[in-house]
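Notes follow once the structure below has been shown.
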Amino acid sequence: MIDNLFIDDGYVKRINILEASDEQLMEISRKLSLGFNLQEMQKIKNYFKNRGRMPSDLELEALAQSWSEHCCYKSSKPYLREYVYNIALDRIVAREDAGVLEFDDEHYYVVALESHNHPSAIEPYGGAATGIGGIIRDVLCMGAQPVALIDPLFFGRPDTKYEDLPKGVKHPRYLFKRVVEGIRDYGNRVGIPTVAGQVYFHDSYTGNCLVNVGCVGVVRKEKMIHSRVSEPGLIYVYAGGKTGRDGIHGVTFASEELHEESEEKSITAVQLGDPITKEPLIHACLECNELGLVEGMKDMGGGGLSCVCSEIAHAGGYGAEVYLDRVPLREEDMRPWEIWVSESQERMLLAVKEENLEKVLEVFDRWDVEAVPIGRVIKERIIRVYYKDQIVGEMELDFQVKGIEYRREWKKPEIREGGDPTFEMPDMEEALLGVLSSYNVSSRDWVITQYDHEVRGATAIKPLHGRMDMKGPSDAAVIKPLENSFRGLAITSDINPHYTSLHPYWGTASAIDEACRNLAAVGARVDSFVDCLNYGNPEKPERMGEFVEGAKALRDMASVLNVPFVSGNVSFYNESMAGSIAPTPTIMAVGIIRDVRRAATIDFKEEENPIYVIGKTAREMGGSEYYQYLGLKGGRVPRSDAEMLKKSIDKVVEAIEHGHIAACHDISNGGLAAALAEMVIAGRGAEVCLYSMGDMRTDVKLFSESNTRWVAEVKGEREEDFRRIMKDVPLYKIGEVKGDGLVIYDGDEMKKYVDMDRETLYRAWHDVLWKEMG
Amino acid sequence: MEGTNCEYETYLAFKELGTKPEYVHLKEIERGAKKVDDYQCIFLPGGFSAGDYVRAGAIFAARLKADVFNDLKRFVEDGGVMVGVCNGFQVLIELGFLPALNGISDEPEACLATNDSNRFECRQTLVRHEGRGCKLTSNISEGKIGLIPSAHMEGKLVFKNDEYAQEVNEKQVVFRYVDRDGNLAGYPWNPNGSYANIAGICNNEGNVMGMMPHPERAFHKWQNPGWEGNDGRDVFEGIVGYIERKW
């Protein structure tokens, strides 16, 4: 009943929405998979009514891209603006596709983090690979050399039974394996080290895994470029891979829930990655920039040419004309709208001065990368699209790009904390082994050794650290990005969905806390945050409430720390038949370390050095690994005192900078016990007594996951200096580096609770994923 | 060429030792814009040239063979230094420049096959210097153990037959994977299952060397904090030292 509304007109179809009823409007939106609601369709109808003409398919498709949740953040923006955009603004140099901050007097560093969840749930290998590709381009388009990749990943539990899987959902083990392979094959080939990330298993991700990808780059200050054009007359140069039919409707697909038929219906929304086109594309773009030939640059990501050609012009206050028949195609018979919105990978758009065009094309030719001029910047703030001699699209950029915003209804999410259960304390050795071998504490080396984390030769602290044959987990990776400076970037990413599912606010605050203390543990001061906010369907008030609570926690923590959110991404609709994911505001934090040679590592190093716990332990066991191991519910999620956090990280970093600390490790999931075990695995043994930590049951001291805590090995001769620096921070001396194993006493009578050798600890911690994944 | 990585850190290593390295794109050689003879050392860095979607290094080698094989052959036969690390090693094998037991061969006589683990392995490895006849590592004492990290999917060296393997093993091995005590040991010390734990070999004349581990990743102490050192620097010093003596 709407077929008669589609009218052939040269290379496009016109859609007669001018006369369409509300029902017909919605049917058009559904038929073309545009993802508009009625209000949005009406707005489009009015726009074209005022112009007295029917929109083309290309125009509707372009609007569908620009107005998708994924592109315009219509549900999240009002809250982000209110809560997180305004912190420490003076430190932010630019906030575009990536965030830019100062690294040293002559350089900026550039950070970006985004989600690639939906594609990865459907086609994990390609989805993850192109996620990496996209985030590299986000950094590249600021003119920066990418120096590190970060991959926080979230899956259902590997031991999920097949019969428990909802229909149409792939097994977590398969998703995990293929995602890692996708990152490996893309990241390794493209020659950027994958240095940090996390792998988290939680039931709520069974139906909707999360693949977040981050990238950090470095650029000389005068070489930074913007994703905006600077003047009319500039030529748009298309560079990189050809355009095909892959990735059509990627962003609209990412802006709805996953369902049983997602795979069948949306497989074309997944792009195909090609790192071997990307690798020279990076070189060629950076070379053009180095030669001063680029006025603006933007990567073709979500929404394809349509979003890029429009946004880069709009950001500069101009418009553009684009000639679609000049775009290099993989498939010759593509229709104009398909070319316009395809999200084929490995493509960049450069805005260059006409007199530099030849030189630019020459550089790309030398790198064997295809590059062609496809359009130009014009003065009117209009995007005008030609195919051969026909105008196939023409809209005002303010209308297309500014999009829409909603202040969605939300309600305070349920707090699922409870009182602590009463139970008899189990055997501590067994509990420690149980916690070490849990899915979320155990070693990630099955993953890490598949990623090249050392290419570029600049990785000072690697994700695994310690002895050759037994390494422990580093708190943060440290990169030394410049040839002639020892200044380093420390990178970590954190979120514990076991906390956020119990308490969205404190779970989010804990992620900030953990990110900061991971950086401090290597000796870096936190300098910026990037957030990738993964939530369920924002049209459901409770999901929206989880998002708002999370945003408030980010504000409350970051404004005390005075650390800005420089870039980020919101991913809604992470829901499937199996329900919504746990709120997952992934926090990536970047810190600056003055001299990488001073960075602290986790391995216990020298016999008889004293061991301290920094920070206060409380009974905060909600969502803890210990309770999970015991199958217990209830308990309080760890709280965080931002003032105390700020003070503590300053002091820890100061002590590391002065060289007082020989080894340092943050205390997070698995508590003090897991932290000590990991330090022993990577280095020498330890003998500790928990008596000084106060009057709590031994299992609380060992397994509570209270925030703002570290274990530090202090150099014997520096103990007094260390204590002087730490005087305003809770400090507990618990023992010394000794022997080859871990021995733990507690109580007045020095009862021995744990006495285990390194090998036993290592096997329990190390073997889990190897057994699971082979 | 596209997919070649590691050129940046390799460049820095040579630069640090006071030489004047240059990046040369395969295309520049093919087009004749740069000439092999203008250099004293050709270093093929690691990576995934052309994606390594067929046998690792095969396409890179095929392109070199098609255009400049004779130039390269003459360069090597005249005593020019050629070194390949990781993917570069794979290229040298594919070119027939290594092992080259009986001179440069038209067909590859060995192969860097997929690791026994069937995985990409990025891990630190210890190598013992054997130095049999390699002119480029004469600065490193025999039996010295060094930490040089590995990162590859295809690093298991195998030869066309046993006899050939034994002969190379006796005459041309430069580095072997060992454990902390210097013994030949299995996985993970030997990350790929390579024949006789071979990590690197040279040609008969000792002026062409290939190795899987990455010396440019162990050039500075800060690249390997804590327990171990910067043994990759020795490899570069050896190469540069030889060139200085020769010219």
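Chains A and B are the protein sequences, given in the same order.
Reminder that position 103 of the first sequence reads as 103 in my numbering, one-by-one numbering, no gaps.
Reminder that position 137 of the second sequence reads as 1137 in my numbering, one-by-one numbering, no gaps.
In this text, a Cβ means the ideal position worked out from N, Cα and C, and glycines have one as well.
Per DSSP, what kind of secondary structure is residue i in: helix, strand or coil?
i	result
B:Cys-1202	strand
A:Glu-394	strand
B:Ala-1033	coil
A:Lys-31	helix
A:Arg-228	coil
A:Ser-438	coil
A:Lys-701	helix
A:Asp-138	helix
A:Thr-130	helix
B:Asn-1190	coil
A:Ala-655	helix
A:Phe-201	strand
Please state whether the Cβ-Cβ distance between residue i and residue j is less than 7 Å.
i	j	result
A:Thr-584	A:Leu-210	yes
A:Cys-689	A:Tyr-745	yes
B:Glu-1283	B:Gly-1131	In the structure displayed, chain B extends from 1001 to 1247; residue 1283 of chain B sits before or after that span and is not available.
A:Lys-167	A:Glu-260	yes
A:Asp-469	A:Asn-518	no
A:Val-530	A:Ser-567	yes
B:Ala-1056	B:Gly-1003	no
B:Met-1209	B:Cys-1202	yes
B:Gly-1146	B:Val-1127	yes
Shortest alpha-carbon distance to residue i belongs to which of the options?
i	options	result
B:Asp-1234	B:Gly-1079, B:Leu-1017 and B:Glu-1009	B:Leu-1017
A:Ile-94	A:Glu-23, A:Tyr-505 and A:Ala-144	What sits at residue 94 of chain A in the sequence shown is Ala, not Ile. When only C-alpha atoms are compared, the closest one is A:Ala-144.
A:Phe-604	A:Leu-436, A:Phe-176, A:Glu-713 and A:Asn-574	A:Glu-713
A:Glu-607	A:Gly-472, A:Gly-683 and A:Glu-311	A:Gly-683
A:Glu-772	A:Lys-647, A:Ile-87, A:Pro-158 and A:Gly-233	A:Pro-158
A:Ile-44	A:Val-385, A:Lys-353, A:Gln-24 and A:Phe-399	A:Phe-399
A:Lys-278	A:Gly-739, A:Ile-339, A:Val-401 and A:Arg-347	A:Arg-347
A:Cys-516	A:Asp-666, A:Asn-484 and A:Glu-575	A:Asp-666
A:Gly-775	A:Val-100, A:Asn-669 and A:Val-455	Since the displayed chain A opens at 1 and closes at 774, residue 775 of chain A lies outside it and no answer follows.
B:Pro-1108	B:Leu-1044, B:Thr-1010 and B:Leu-1095	B:Leu-1095
A:Tyr-775	A:Thr-194, A:Glu-620, A:Ile-135 and A:Val-139	Any property of residue 775 of chain A remains undetermined from this structure, which presents chain A solely from 1 to 774.
A:Asn-117	A:Ala-458, A:Ala-686 and A:Ala-129	A:Ala-129
A:Thr-708	A:Ala-686, A:Arg-697, A:Met-644 and A:Gly-466	A:Met-644
A:Gly-197	A:Gly-182, A:Asp-185, A:Ser-204 and A:Cys-215	A:Cys-215
A:Leu-357	A:Ala-582, A:Leu-234, A:Met-750 and A:Glu-717	A:Leu-234
A:Asp-203	A:Lys-221, A:His-171, A:Val-352 and A:Tyr-627	A:His-171
A:Glu-514	A:Ile-404, A:Arg-178, A:Asp-641 and A:Ala-677	A:Asp-641
A:Leu-258	A:Cys-285, A:Leu-113 and A:Ser-120	A:Ser-120
B:Ile-1198	B:Glu-1205, B:Gly-1206, B:Trp-1189 and B:Lys-1034	B:Trp-1189
A:Gly-375	A:Phe-176, A:Val-179, A:Val-435 and A:Gly-319	A:Gly-319
Are the C-beta atoms of residue i and some chain B residue less than 7 Å apart?
i	result
A:Asp-452	yes
A:Thr-584	no
A:Met-577	no
A:Ile-512	no
A:Tyr-280	The identity of residue 280 of chain A in the sequence shown is Pro, whereas the question assumes Tyr. Closer than 7 Å: yes.
A:Gly-52	no
A:Met-468	yes
Can you find a CB in chain A that lies within less than 7 Å of the CB of residue i?
i	result
B:Cys-1122	yes
B:Trp-1247	no
B:Asn-1118	no
B:Pro-1191	no
B:Phe-1048	yes
B:Asn-1183	no
B:Tyr-1008	yes
B:Ala-1151	yes
B:Arg-1128	no
B:Gly-1051	yes
B:Leu-1092	no
Does the segment 218–226 of chain A come close enough to the segment 368–375 of chain A that 3 or more CB-CB pairs lie under 8 Å? Touching, no, given that fewer than three Cβ pairs across the two stretches are closer than 8 Å.
Are three or more beta carbon pairs between the segment 411–422 of chain A and the segment 484–503 of chain A nearer than 8 Å? Verdict: yes, contact present.
Report yes or no: do the segment 547–561 of chain A and the segment 486–496 of chain A share at least 3 C-beta pairs separated by less than 8 Å? Cβ pair count under 8 Å is below three, so no.
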